[in-house]
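2 protein chains.
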Amino acid sequence: MGLANRLPISLLRALALGATLAAAILVATSREKVYLFGLTLEAKYSDTPSFKYFVITNIIASVYSLAVLFLPLAGLLGQVILALDVAFTMLLTSSIGAALAIAQVGKKGNTAAGWLPICDQVPRYCHHVEIGLILGFVGLIIYFVILLYKVLNISSFLSKS
Amino acid sequence: MGLANRLPISLLRALALGATLAAAILVATSREKVYLFGLTLEAKYSDTPSFKYFVITNIIASVYSLAVLFLPLAGLLGQVILALDVAFTMLLTSSIGAALAIAQVGKKGNTAAGWLPICDQVPRYCHHVEIGLILGFVGLIIYFVILLYKVLNISSFLSKS
């Protein structure tokens, strides 16, 4: 791939880096203390495995974005990066799916399972996590665009040749 | 792509079709009645939005697998299918992530949020869903292999030419 292709992808990578890093930090710093019936309860992301998974995958994706920002995209290494792009996009997708599923229960509860919504008790915690998830979603969309761009770019080159 | 490439992908598509269809059916038919303190409770997939999402995405992916089984892979249509492969793989990934996150709470509960595990009360329901999720995961892996195979195949062709 030439410089004309390299530039927009590098820009997207930098944007993705920013989004996934901000998402990880926002969710990881979400905590709220609440006093209920004389008890002090603290809501924090590390109590929920799905949120931990979200933070970890977004940190890994951030490191990856930073690393490939400076790597060449051509040849065998380009192929490895393309395969890694597929894998990381899927990793982020699964973490967003998991975190959103839990956030939905936190907001609406699940009557059949007897799980009560908790966001009325810890609104600031929920809001903080929410913004983190939105940023994670933005990061994922950028990853998706990079992948689609690369894949269609390569295959259109093929169909013309 | 020639017939030599077409054949393994068609085989994988057929396998993916079987796995996602079986996953959707298994989760959709999961239900168990339980009698607690004189009350009749029924656990069913449709009480949980994430499981509904899982069933819907797996049905959509099954229809897609069936449709593209008979479509040509070359030219512009091949490019559209490649883009759809990326999209569907991500759709399945998100649904597995969401369903696994909820299944984890069903099994272990979440002490901090006060959500109790329910699988001790409805073990058959949980087991049924579990097998469905495993099949969904198998379907996803096949989708991933198809995508990786196509992407690397195309890009290796490029790096040689």
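First to last, the sequence lines map onto chains Y and Z.
For the first sequence, position 17 matches number 17 in the UniProt record's numbering, and the numbering has no gaps at all.
For the second sequence, position 140 matches number 140 in the UniProt record's numbering, and the numbering has no gaps at all.
Backbone N, C-alpha and C define an ideal beta-carbon position, used for all residues, glycine too.
{"Check": "Got a sec, what are the start and stop residues for the beta strand (DSSP E) A67(Y) sits in?", "Outcome": "A67(Y) -> not in any beta strand (DSSP E); alpha helix (DSSP H) instead, spanning P49 to V68."}
{"Check": "Kindly examine the ligand COA and report whether one of its heavy atoms sits closer than 7 angstroms to the Cβ of L21(Z).", "Outcome": "The ligand COA is absent from the structure shown, which contains no ligand whatsoever."}
{"Check": "Short of 6 angstroms in beta carbon distance, which residues of its chain neighbour K44(Y), apart from the five on each side in sequence? Order them along the chain.", "Outcome": "R31"}
{"Check": "Thinking just about the alpha-carbon of each residue, which of P72(Z), L12(Z), A87(Z) and E42(Z) is nearest to the one in R124(Z)?", "Outcome": "E42(Z)"}
{"Check": "Please list, in chain order, the residues of the region 134-153 of chain Y that have any C-beta partner in chain Z closer than 8 angstroms.", "Outcome": "F144, L147, L148, V151 and L152"}
{"Check": "Have a look at G109(Z), A103(Z) and K108(Z) and flag the residue whose alpha-carbon is nearest the alpha-carbon of N128(Z).", "Outcome": "Sequence check: residue 128(Z) is His here, not Asn. The residue with the shortest Cα to Cα distance from H128(Z) is A103(Z)."}
{"Check": "Count the other CB atoms within 10 Å of the CB of Q61(Y); is the residue buried (16 or more) or exposed (fewer)?", "Outcome": "Per the sequence presented here, residue 61(Y) reads as Ala, with Gln not at that position. Looking at its Cβ environment, which holds 16 or more other Cβ atoms inside 10 Å, A61(Y) is buried."}
{"Check": "Bridge partners of Y35(Z), per DSSP?", "Outcome": "T40(Z)"}
{"Check": "Counting along the chain, where does the alpha helix (DSSP H) carrying D120(Z) start and finish?", "Outcome": "Segment: none, D120(Z) is in no alpha helix (DSSP H) and carries neither H nor E."}
{"Check": "Kindly list the residues whose CB is nearer than 8 angstroms to the CB of L147(Z), restricted to its own chain and excluding five residues on each side of it in sequence; keep chain order.", "Outcome": "D85, V86 and T89"}
{"Check": "For L133(Z), does the count of other Cβ atoms within 10 angstroms reach 16, so buried, or fall short, so exposed?", "Outcome": "buried"}
{"Check": "Give me the Cα-Cα distance between L12(Y) and Y53(Y), rounded to the nearest whole angstrom.", "Outcome": "24 angstroms"}
{"Check": "Just to make sure I have the definition right: I need the residues of chain Y whose C-beta is within less than 8 angstroms of the C-beta of G106(Z). Which are they?", "Outcome": "A113"}
{"Check": "Whose CA, out of G38(Y), T48(Y), P8(Y) and A28(Y), lies closest to the CA of N110(Z)?", "Outcome": "T48(Y)"}
{"Check": "Under the DSSP definition of a beta bridge, which residues are partnered with residue 165(Y)?", "Outcome": "Outside the shown range of chain Y (1 to 161) lies residue 165(Y), about which nothing can therefore be said."}
{"Check": "To the nearest angstrom, report how far apart S65(Y) and Y143(Y) are at their CA atoms.", "Outcome": "9 angstroms"}
{"Check": "Inspect the beta-carbon positions of T40(Y) and S95(Y) and report whether they are closer than 8 angstroms.", "Outcome": "no"}
{"Check": "When the cut-off is 8 angstroms and only beta carbons count, does D47(Y) lie next to chain Z?", "Outcome": "yes"}
{"Check": "Within the continuous alpha helix (DSSP H) that includes L82(Y), where are the two ends?", "Outcome": "G75 to K108"}
{"Check": "How would you call F51(Y), buried or exposed, if buried means at least 16 neighbouring beta carbons within 10 angstroms?", "Outcome": "buried"}
{"Check": "Establish whether the CB of I131(Y) and some CB of chain Z are separated by less than 8 angstroms.", "Outcome": "no"}
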